[in-house]
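Below is one structure, written out as structure tokens; comments come after it.
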Amino acid sequence: QVTLRAGAELDARQVNQYTLILRAACPGEDEVEGRLFVRVTAGHVLRCDSPFASAEGDVVQVLADVAPRTPLYAVLPQPLGGLTDFPSPSFLQFRLRNHNTPLTLTRRGLVLAPDNGFDPYKDTQTFRLEIEVTDRHGHNCSGAVKVEVLPSRRPHVTFPEPHRAVTVTEAIGPWEVVTQVRARGDNVRYAILAPVAPVLFTIDEVTGEIRSTRRLEVIRAQLLIRAYNALHPDDHATTTVNITVQGTDRQAPRCVPAIFVSQVPETVSPGSTLVTLRCTDSTGTDGCLHYALEGPPSSLSHFCMEGPQLKINTTLDYDSEAMAALGFQITATIVVTVGGQPLQSTRVPVLVTVTPVNEFRPACPNGATFTVPETAAFGSVVGRVAGTDRDYPPDSLEYSLEGGSGSAQPFSIDRRTGEIRVVGSLDSQQQKNYRLVVRLTDTHNDLDPRKRQSRLCDVSVRLQAVPDQLPVCVPEVQELRITAGSPGSRQPVTRLQCHSSPDSAALTYTIVGGNEDGRFRQEGNTLVYLPNDRAEPHPFVLLVEVWGGSGARRRSSLVALVVHVTPRSTPVPPSTTTRHTTLRREPLVVMQTEAVWHPPAWFVAVLTLSGALLLATLGCTARNLLCRIHGCLLSSHSSRAPGKLFLAKSSWDVVEHSRGKEEQGHPHASSPSCLSSTQGQHDGRAQDPRTGRDCFSNSVSEAWRWI
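Here my numbering is used: the first residue of the sequence shown is 9, the next is one more, and so on.
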């Protein structure tokens with residue numbers, strides 16, 4: 009008995025036949041060998057792929073911080089795993105055999121993460137799902153998926169200090185910063201858990217700064233602060249902040265100036281002193297005063313304190329993106345304390361505005377060379393001079409042409425954009441290249457508008473020659489018939505259809521001949537007739553000259569117009585003769601294409617020769633047929649008995665019929681010879697001994713016939 013091995017899979021598309029060699033032997037006998045051929049045919053069977061249907065099942069690894077209900081595995085016909093050989097997942101049913109798992113299996117075969125996500129604080133977790141798949145025909149297969157949940161790789165939210173104590177004075181006013189808490193982690197946000205409804209303090213959700221909501225009195229308060237990951241709220245930590253508000257036994261220092269506002273140029277050197285504070289405490293001395301800076305890190309990096317002096321720490325580059333992000337203003341706060349105790353402190357706000365300095369000259373573009381056709385219209389753009397300037401704002405330049413625009417320089421430049429345009433006539437035959445000197449001048453790069461820098465740039469403009477084209481009019485000759493209108497009116501006759509090169513200037517039309525009495529006028533490309541009181545028909549032959557191009561490159565063509573003018577009312581003499589007028593109709597041209605075969609000469613010769621050979625062959629065939637019939641008749645007469653002789657009337661009988669009649673009219677002249685020769689001979693044939701002619705005779709009727 010031959011059975012299929014457990015776990016084996018058959019695929020007719022890969023192997024459709026197996027050859028098994030079987031050997032069998034009985035005790036004491038020789039071994040017998042045989043072959044078994046197993047053919048595998050493709051069938052409509054539901055089959056799962058190898059990783060999914062194997063005993064171990066397919067393996068999926070995910071991180072613990074994956075979002076809830078995230079698809080982790082798809083039991084679908086995909087290269088990464090799932091089912092194969094089925095038309096669509098909508099016709100399949102997926103059933104989870106084991107239910108001791110937080111994972112979810114959807115109706116379309118998707119394995120989803122738990123509704124509440126995985127626990128990010130646990131070590132590696134493993135979940136096994138046994139899934140059975142059934143199609144609409146009742147075929148089924150099963151497999152397993154093992155989901156390994158790995159610990160999250162992102163840092164957890166933690167506080168460096170689980171407890172913190174802060175002491176402040178009762179002089180702190182509303183919305184002042186009391187302290188600041190910081191936690192480690194990603195996307196950290198802060199909130200006050202206790203008291204649930206804080207009255208004295210609030211916390212900034214992003215920075216963690218704790219501020220007072222009103223002027224503080226002597227009090228002790230405890231705040232429970234939570235820091236959490238905004239994307240994963242389950243990742244959180246807490247800290248306790250104890251705030252003590254004490255009474256003020258001494259007054260805070262007094263400083264001059266109480267607020268410092270200044271503006272400095274960007275070229276100020278590091279180490280320069282911006283301001284020196286003059287501060288005194290309640291005793292009138294400054295020996296126990298301490299100075300410190302507070303503020304955002306981006307601003308603090310530019311300043312430093314040396315005793316009561318505020319100095320520049322780094323270069324203040326007005327042209328940098330970092331300075332532009334600060335709005336060119338640097339803010340900080342100088343905190344002055346007595347004896348280093350925050351209970352007696354004074355804050356001096358600092359606002360420094362950085363002003364620009366025009367440091368760099370504009371730069372010319374590389375390879376400023378442009379090409380323009382000589383037929384370019386007025387105002388056409390030749391190109392753009394793209395100058396650069398390193399000062400802020402970048403590339404704030406003004407453009408101008410040295411020498412201005414004129415006949416020697418038919419170009420202009422836009423003051424803001426640097427676009428060069430055509431403002432005059434161009435002719436490559438007169439001048440092929442132009443050298444323009446463009447001045448670049450920077451703007452808005454210094455507080456003093458008079459401090460401007462400029463640079464001269466060379467720009468080359470090359471004219472591209474365009475072949476001359478005469479104006480073309482279709483048709484060149486026209487014959488027109490019009491009926492004159494009322495005198496003094498304006499009557500359009502025709503509109504000339506002319507064109508020149510696409511880039512040329514507009515065409516102009518002028519009547520140069522045939523308009524002796526001035527009855528016609530050319531308005532653009534329209535010919536206009538001015539009727540008068542002429543009573544007789546009159547033909548006019550007009551010549552219209554059409555000009556194209558511009559300047560010295562103007563070209564012209566002539567158009568001939570034959571205009572037959574018929575008066576509006578022509579007196580007709582009385583007559584009884586009826587005149588039939590046939591209206592002139594335009595000829596109707598009908599074009600019809602017929603397919604005609606014109607054989608070559610060699611084909612006609614071959615066809616003629618073949619016809620001649622065919623006729624000759626037919627003639628020879630007919631002649632041979634007649635000769636065979638003649639021989640057959642002669643042989644039949646010789647074999648018959650004399651009493652049974654029969655003469656058939658054939659074609660040669662008819663030929664000799666007339667001759668036989670003549671000789672029958674003289675029977676005594678020839679018949680005795682023919683008759684005498686036939687006596688005693690009954691073969692039906694004889695020969696006249698006198699003339700030598702052959703004849704046939706019948707011994708019964710004694711009739712004879714010449715051959």
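Ideal placement from N, C-alpha and C gives every residue a C-beta, glycine not left out.
Which of helix, strand or coil DSSP assigns to residue i
{"i": "VAL393", "result": "coil"}
{"i": "TRP605", "result": "coil"}
{"i": "LEU208", "result": "coil"}
{"i": "VAL767", "result": "The chain is shown only over 9 to 715; residue 767 falls outside these bounds and no answer can be derived."}
{"i": "PHE419", "result": "strand"}
{"i": "ALA16", "result": "coil"}
{"i": "THR625", "result": "helix"}
{"i": "PRO59", "result": "helix"}
{"i": "CYS703", "result": "strand"}
{"i": "CYS372", "result": "coil"}
{"i": "VAL276", "result": "coil"}
{"i": "ASN441", "result": "strand"}
{"i": "ALA630", "result": "helix"}
{"i": "ARG636", "result": "helix"}
{"i": "VAL612", "result": "helix"}
{"i": "THR11", "result": "coil"}
{"i": "PHE126", "result": "coil"}
{"i": "LEU158", "result": "strand"}
{"i": "ALA384", "result": "coil"}
{"i": "PRO305", "result": "helix"}
{"i": "PHE167", "result": "coil"}
{"i": "GLY521", "result": "strand"}
{"i": "PRO462", "result": "Going by the sequence as given, residue 462 is Ser instead of Pro. If DSSP states are grouped into helix, strand and coil, SER462 belongs with the strands."}
{"i": "PHE99", "result": "helix"}
{"i": "SER353", "result": "strand"}
Nearest candidate by alpha-carbon position, reference residue i, set the options
{"i": "THR354", "options": "GLN9, ILE267, VAL23", "result": "ILE267"}
{"i": "TYR801", "options": "ASN237, ASN533, PRO364", "result": "With the chain covering 9 to 715 only, the question about residue 801 has no answer from this structure."}
{"i": "LYS319", "options": "ALA340, CYS263, MET331, PHE336", "result": "ALA340"}
{"i": "ARG443", "options": "HIS244, ALA245, MET331, GLU410", "result": "GLU410"}
{"i": "SER62", "options": "TYR537, ASN523, ILE139", "result": "ILE139"}
{"i": "MET8", "options": "TYR326, VAL344, GLY335, PHE336", "result": "In the structure displayed, the chain extends from 9 to 715; residue 8 sits before or after that span and is not available."}
{"i": "ALA229", "options": "LEU239, THR248, GLU217, ASP212", "result": "THR248"}
{"i": "PRO483", "options": "SER328, VAL467, LEU504", "result": "LEU504"}
{"i": "ASN523", "options": "TYR537, SER494, THR109", "result": "TYR537"}
{"i": "VAL176", "options": "GLU184, GLU169, PRO170", "result": "GLU184"}
{"i": "ASN124", "options": "THR11, MET331, VAL74", "result": "VAL74"}
{"i": "GLU213", "options": "GLN352, GLU225, ILE200", "result": "ILE200"}
{"i": "ALA394", "options": "ARG234, ALA473, GLY387, SER404", "result": "SER404"}
{"i": "LEU111", "options": "VAL153, ALA238, SER328", "result": "VAL153"}
{"i": "SER565", "options": "HIS546, GLY526, VAL520", "result": "VAL520"}
{"i": "GLY146", "options": "TYR129, PHE99, VAL165", "result": "PHE99"}
Bridge partners - residue i, DSSP secondary structure assignment
{"i": "ILE139", "result": "LEU104, GLY151"}
{"i": "ILE180", "result": "Paired residues: none, contrary to the question."}
{"i": "VAL119", "result": "TYR81, LEU113"}
{"i": "ASP243", "result": "In the DSSP output, where bridge partners are listed per residue, ASP243 has none listed."}
{"i": "ASP66", "result": "VAL153"}
{"i": "CYS287", "result": "CYS263"}
{"i": "ARG489", "result": "HIS572"}
{"i": "TYR26", "result": "VAL46"}
{"i": "HIS546", "result": "VAL573"}
{"i": "ASP450", "result": "LEU405"}
{"i": "CYS481", "result": "CYS506"}
Exposed unless 16 or more other CB atoms sit within 10 angstroms - verdict on residue i
{"i": "ILE29", "result": "exposed"}
{"i": "PRO581", "result": "Low confidence applies to PRO581: its pLDDT is 49, below 50, so where it sits in the model is not reliable, and the reading given next is rough at best. With fewer than 16 other Cβ atoms within 10 Å, it is exposed."}
{"i": "HIS606", "result": "exposed"}
{"i": "GLY556", "result": "buried"}
{"i": "CYS635", "result": "exposed"}
{"i": "GLN9", "result": "exposed"}
{"i": "TYR26", "result": "exposed"}
{"i": "LEU441", "result": "Going by the sequence as given, residue 441 is Asn instead of Leu. Classification of ASN441: exposed, given that the 10 Å Cβ count is below 16."}
{"i": "HIS244", "result": "buried"}
{"i": "LEU569", "result": "buried"}
Segment contact flag, the region 389-405 with the region 301-319, C-beta cutoff 8 Å, min 3 pairs: no
Determine contact between the region 113-128 and the region 63-79, defined as no fewer than three beta-carbon pairs at a distance below 8 Å. yes
Using 8 Å as the Cβ pair cut-off and three pairs as the minimum, do the region 120-136 and the region 28-43 touch? no
Check whether the region 105-113 touches the region 185-193, taking contact to mean three or more Cβ pairs, one atom from each stretch, closer than 8 Å. no
Quick test of the definition: if touching needs 3 or more C-beta pairs under 8 Å, does the region 153-160 touch the region 173-180? no
Does the count of Cβ pairs from the region 469-483 and the region 452-459 closer than 8 Å reach three? no
Pair every Cβ in the region 373-381 with every Cβ in the region 280-289, then say whether three or more of these pairs are closer than 8 Å. no
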